[in-house]
Amino acid sequence: MRRKLAAGNWKMNGSQAALAELDAMAPYAAAGDAEVLICPPAPLIAVAAGRAAGIAVGAQDCHANASGAHTGDVSAPILADAGATHVITGHSERRTDHGETDADVAAKTQAVLDAGLVAVVCVGETLEERESGKTLDVVGTQLAGSIPEGATAALVVAYEPVWAIGTGKVPTLQQIGEVHAFMRAELVARFGEAGDGMRLLYGGSVKPGNATEIFAVSNVDGALVGGASLKAADFGAIIDALNAA
Ligand code: PEP
384 MRRKLAAGNW
394 KMNGSQAALA
404 ELDAMAPYAA
414 AGDAEVLICP
424 PAPLIAVAAG
434 RAAGIAVGAQ
444 DCHANASGAH
454 TGDVSAPILA
464 DAGATHVITG
474 HSERRTDHGE
484 TDADVAAKTQ
494 AVLDAGLVAV
504 VCVGETLEER
514 ESGKTLDVVG
524 TQLAGSIPEG
534 ATAALVVAYE
544 PVWAIGTGKV
554 PTLQQIGEVH
564 AFMRAELVAR
574 FGEAGDGMRL
584 LYGGSVKPGN
594 ATEIFAVSNV
604 DGALVGGASL
614 KAADFGAIID
624 ALNAA
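Take the sequence shown: its letters are residues 384 to 628, numbered as in this note's numbering.
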């Protein structure tokens with residue numbers, strides 16, 4: 384049985400004062416079995432970690448190396464030392480803004496695993512790729528190239544269509560189901576039982592108003608949420624929907 388996961392990506396938003404939202408999320412996390420994760424900007428991780436009961440804290444990115452001369456970068460062991468338990472890798476904003484390739488994402492994901500943390504690996508097609516019928520090819524290539532050998536059932540994969548992130552546009556439930564079933568089959572083919580245990584999140588404009596129907600889709604084990612994770616009222620409603628699914 385895969386434990387459900389509600390993950391929030393604060394991106395480049397937030398402040399120490401905004402961490403009060405975590406306190407307000409704690410009752411929602413306590414009300415059910417789903418795991419709840421918030422990934423704030425890196426400087427807030429140490430302040431956020433352990434602050435609110437039942438709210439795990441993660442990072443949005445890491446360097447592929449454990450340490451060294453990489454000014455401005457943060458490594459997975461440093462994030463672990465700050466209290467992070469999860470790291471998002473391969474978010475489309477990293478792939479686009481920083482030119483991260485599948486090989487880069489795989490190296491970062493390996494660093495996350497080496498540090499004993501949970502990797503949340505993001506994949507997803509652009510609108511152009513969707514409209515030209517390439518969605519499964521793109522997702523399959525990203526999955527194969529971004530997840531290193533030796534990944535275990537602890538790994539999390541987030542399907543995030545690029546065109547649905549921050550746009551208010553959401554794929555149909557059938558489209559989400561098709562991609563998640565495809566990802567499950569690919570992961571089981573490659574990792575066997577571990578692939579069946581990996582949690583698959585949907586991400587892209589998840590809101591309180593659409594969460595229940597998305598969580599009813601087969602092989603959707605939770606969500607990676609951007610904008611709606613910034614406020615406890617919205618994210619709490621999404622946690623409630625996941626717990627009820
Ligand atoms: C994201 O940042 O991963 C995301 C899904 O954003 P949003 O929920 O705002 O579309």
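Just so it is clear, CB atoms sit at the ideal spot from N, CA and C, and this is done for glycine as well.
Under the DSSP definition of a beta bridge, Arg582 partners with Val539. By a beta-carbon distance limit of 8 Å, Cys422 does not contact Gln399. Their separation comes to about 16 Å. The C-alpha of Glu576 lies about 24 Å from the C-alpha of Val419. For Gly473, no beta strand (DSSP E) run applies, since DSSP gives it neither H nor E. Annotation for Glu543 indicates a beta carbon within 7 Å of some heavy atom of ligand 1. Val545 carries a helical assignment under DSSP once its states are collapsed to helix, strand and coil. As the crow flies, the alpha-carbon of Gly609 is around 20 Å from that of Val522. Pairing His481 with Cys505 gives a Cβ-Cβ distance that is not under 8 Å. Put simply, of Gly586, Asp497 and Asp623 the residue whose alpha carbon is nearest the alpha carbon of Thr595 is Asp623.
Around Thr472, the same chain offers Asp444, Cys445, Val488, Lys491, Thr492, Val495, Ala502, Val503, Val504, Cys505 and Ser529 as residues with beta carbons nearer than 8 Å, after the five sequence neighbours per side are excluded. About 6 Å separates the Cβ atoms of Glu508 and Pro544, confirming a contact at the 8 Å cut-off.
DSSP places Ile421 in the uninterrupted beta strand (DSSP E) bounded by Glu418 to Cys422.
Remark: C-beta atoms of Val571 and Tyr585 do not approach each other more closely than 8 Å.
In this structure, Thr468 sits near Leu500, with a CB-CB distance shorter than 8 Å.
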